[in-house]
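Numbering (the UniProt record's numbering), first residue to last: 1 to 299.
Just so you know, even glycine gets a beta-carbon here, dropped at the ideal spot from N, CA and C.
Computed from a prediction, not measured in an experiment: that's the story for all the values here.
Worksheet: the structure to be examined is printed underneath.
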Amino acid sequence: MRVFITGASGFIGSAVVPLLLAEGHHVLALARSDASAAKLAAAGVEVLRGDLADPASLGAGAAASDGVVHLAFNHDFSQFADSAQTEYAAVEAYGEALAGTGKPLLMASGVLGIAPGRIATEQDGLDLSASPRSRSMQLALELADRGVRSALLRLAPCVHDRTRAGFASVLAQIARETGVSGYLGEGTAHWPAVHVRDTADLVVRALDRAPAGAVLHAVAEQGITQRAVAEALADRLGIPLRSIPADQAASHFRWLAPMLALDSRADNTLTRETYGWEPVHPTLLDDLREGEHAAPGGH
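Structure representation (structure tokens):
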């Protein structure tokens, strides 16, 4: 299969591309910069120069391929609404290129905030008022009615290995800067987690097998408390553990503060049973205790 992928040089994409190549797929990857293009070409990937903000380049990549994996998103939270609109235009471009073909379109999204107060499942629908990105995800699912084998891959907020861990890496950075490993209030809010290599395995399985309109949960651990995350970081860094009261959250955690207030847990039963997916790589806390991202002076 000729697979068009965005975000190929990113954290998750860098784990997905080798698996696609190992499965015998031909990979066409979007690259904006010379550095990304060179990195991808060296990995044996065909490069398409373009940009997420250029729907024409995305449509061209989709039209030239047998399937699409869309992993890229601008996670600058100061421009979140604009990034969501860019993503919506990307899905529109994919729809125009893939309508009536039956080709797969796998869109990465997230589980955070899907079902506040309870454990989210793959059968939970989208709340269009919950996030500006929800419109894009709804549009992607609706492409199933236009002859596209579209599916959503809901990612855990902590996709990790020993170098990166999503939101947990941000907590590590803040801990290094402030000298304390903080958690909000009692630290009982949860974040789901999944190893990046398990995530990549699920991407390849979904590309091959996910039916039109499917929703998958890339979640290995249903929910890790934020206090447990902070404890692991405190142990690794050798710094004090501290509860941060709500009235100090914005100053201490900065842009991450609203995410800390979200108690999110997610189930993966349907995903595992449907795709034969079994996460086998280390847990989030293992990677935080042993990883470089939590090491003094690490990145």
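Where the alpha helix (DSSP H) containing residue i begins and where it ends
i	result
residue 137	134-142
residue 98	80-98
residue 14	11-22
residue 38	34-42
residue 59	55-63
Per DSSP, cross-strand counterpart(s) of residue i
i	result
residue 4	28 and 68
residue 215	152
residue 120	266
Closest Cα partner of residue i within the set the options
i	options	result
residue 11	112, 71, 3 and 60	71
residue 175	282, 284 and 231	231
residue 228	201, 184, 195 and 207	184
residue 300	142, 102 and 121	Any answer about residue 300 is impossible in this case: the structure gives the chain only from 1 up to 299.
residue 243	20, 264, 235 and 181	181
residue 52	179, 44, 63 and 88	88
residue 275	208, 164, 113 and 225	208
residue 258	167, 2 and 29	167
residue 374	2, 215 and 195	Since the first residue shown for the chain is 1 and the last is 299, residue 374 is missing from the structure and cannot be characterised.
residue 188	210, 237, 117 and 142	117
residue 248	240, 238, 83 and 260	260
residue 190	37, 32 and 115	115
residue 149	125, 119, 169 and 66	66
residue 119	15, 224 and 235	224
residue 50	285, 42 and 28	28
residue 64	205, 96 and 82	96
residue 192	62, 48 and 112	112
Environment of residue i [buried if 16+ CB atoms lie within 10 Å]
i	result
residue 76	exposed
residue 68	buried
residue 255	exposed
residue 279	buried
residue 267	buried
residue 128	exposed
residue 251	exposed
residue 200	buried
residue 264	buried
residue 109	buried
residue 287	buried
residue 8	buried
residue 186	exposed
residue 221	buried
residue 226	buried
residue 34	exposed
residue 297	Legend: pLDDT at residue 297 = 43, less than 50; position of this residue unreliable, value from coordinates given subsequently. Answer is exposed; the Cβ neighbour count stays below 16.
residue 13	buried
Residue span of the beta strand (DSSP E) that contains residue i, given as start and end
i	result
residue 110	104-110
residue 292	No beta strand (DSSP E) holds residue 292; DSSP gives it neither H nor E.
residue 47	46-49
Let me know the beta strand (DSSP E) ranges lying completely inside the segment 124-202, each 3 residues or longer, listed in chain order.
Those beta strand (DSSP E) runs which fall completely within the segment 124-202 and span 3+ residues are 149-155, 158-160, 181-184 and 190-195.
Which runs of the alpha helix (DSSP H), 4 residues or longer, sit entirely within the segment 219-278?
Counting only runs of 4 or more, we get 226-237, 249-253, 257-260 and 269-275.
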